[in-house]
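Q:
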Amino acid sequence: ADVVVVLDEAYNEYLDDAQQYDSIAWVRKYPNLLVSRTFSKAYGLAGLRIGYAVAQPALTDLLNRIRQPFNVNSLAQAAAVAALGDVAFLQRSAKLNRAGKAQLVVAFERLGLQYVPSSGNFVLVRVGQDDGAGARVNLALLKQGVIVRPVGNYNLPQWLRITIGLPEENAAFIVALERALK
Ligand SMILES: Cc1ncc(COP(=O)(O)O)c(C=O)c1O
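Take the sequence shown: its position 21, counted from the start at 1, is 21 in UniProt numbering, and no numbers get skipped.
Encoded structure:
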């Protein structure tokens, strides 16, 4: 009860119906729970730098005291309000992500690469058995104009984190990955 619990829901919009849960009911129940959400992922508004938190007034009042003045501009707020009402875009975004995830997973299985099943908009894939693999394949991808995320700093030097893109971007990545692995 004397610890603030932050539940980061950055990727919740990508969850299947069966994975959904009612965090707002938990906020009503627990005064020490704060749920954070972002418009940077499924809403596609990362460049506007906007998100929000849901918590009971005692907690939001503390945040309000330390936040910078004018920390979210009015254009971003208008876009966020419009985005909240754009259910069709969100559904399209989640569908595109599901299809892209399947596209990557099929390629990983064909190439015999281990991966971690994902519920978000990225997939973690093991690109080699030696600890230089992540950095080596990342560099080979960079040289082909493909930017992914090395995760050696999470103690996963054999793995890369691949963000799901548009179908043609995923396809270009797969071609580049095959070259990089050779
Ligand atoms: C786990 C997690 N939480 C929250 C965010 C929030 O992103 P932003 O600062 O763009 O709202 C990200 C984005 O990378 C994330 O990966």
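Even for Gly, the Cβ is constructed at its ideal location relative to N, Cα and C.
Given the structure is predicted, the values throughout are model-derived calculations rather than measurements.
Just to check, is the beta-carbon of GLY134 closer than 7 Å to a non-hydrogen atom of ligand 1?
A: The answer is no for GLY134.
Q: Let's test the definition: count the other Cβ atoms within 10 Å of the Cβ of GLY145 and tell me whether it reaches 16, buried, or not, exposed.
A: GLY145 is exposed by the Cβ-count criterion.
Q: Pick helix, strand or coil for ILE50, following the three-state DSSP scheme.
A: Reduced to three states, the DSSP call for ILE50 is coil.
Q: Counting along the chain, where does the beta strand (DSSP E) carrying LEU75 start and finish?
A: It is not in any beta strand (DSSP E) - LEU75 instead sits in the alpha helix (DSSP H) that spans 74-85.
Q: Helix, strand or coil: how does DSSP classify SER36 here?
A: Strand, per DSSP.
Q: Take the Cβ of ALA99 as the centre, count every other Cβ of all protein chains shown within 10 Å, and call the residue buried at 16 or more, exposed below.
A: With fewer than 16 other Cβ atoms within 10 Å, it is exposed.
Q: Indicate, with yes or no, if ligand 1 has a heavy atom lying under 7 Å from the CB of THR38.
A: For ligand 1, at least one heavy atom lies less than 7 Å from the Cβ of THR38.
Q: Between ALA176 and ALA46, what straight-line distance do the alpha-carbon atoms span, to the nearest angstrom?
A: Going from the Cα of ALA176 to the Cα of ALA46 covers about 26 Å.
Q: If you measure from the CB of GLY51, is any heavy atom of ligand 1 nearer than 7 Å?
A: Because some heavy atom of ligand 1 lies under 7 Å away, the Cβ of GLY51 counts as near it: yes.
Q: Helix, strand or coil: how does DSSP classify PRO117 here?
A: In the structure shown, PRO117 sits in coil (DSSP, three-state: anything other than H, G, I, E or B).
Q: What is the DSSP secondary structure of LEU104, counted as helix, strand or coil?
A: The answer is helix: DSSP assigns LEU104 an H, G or I state.
Q: Exposed or buried, what is GLY134 when buried is set at 16 or more other beta-carbons lying within 10 Å of its beta-carbon?
A: Buried, by the Cβ-count rule.
Q: When the Cα of ARG28 is compared with those of LEU15, LEU96, VAL54, which residue comes out closest?
A: Minimum Cα distance to ARG28 is reached at VAL54.
Q: What whole-angstrom Cβ distance do GLN158 and ARG126 have, given they're in contact under 8 Å?
A: Contact holds; Cβ gap of about 5 Å.
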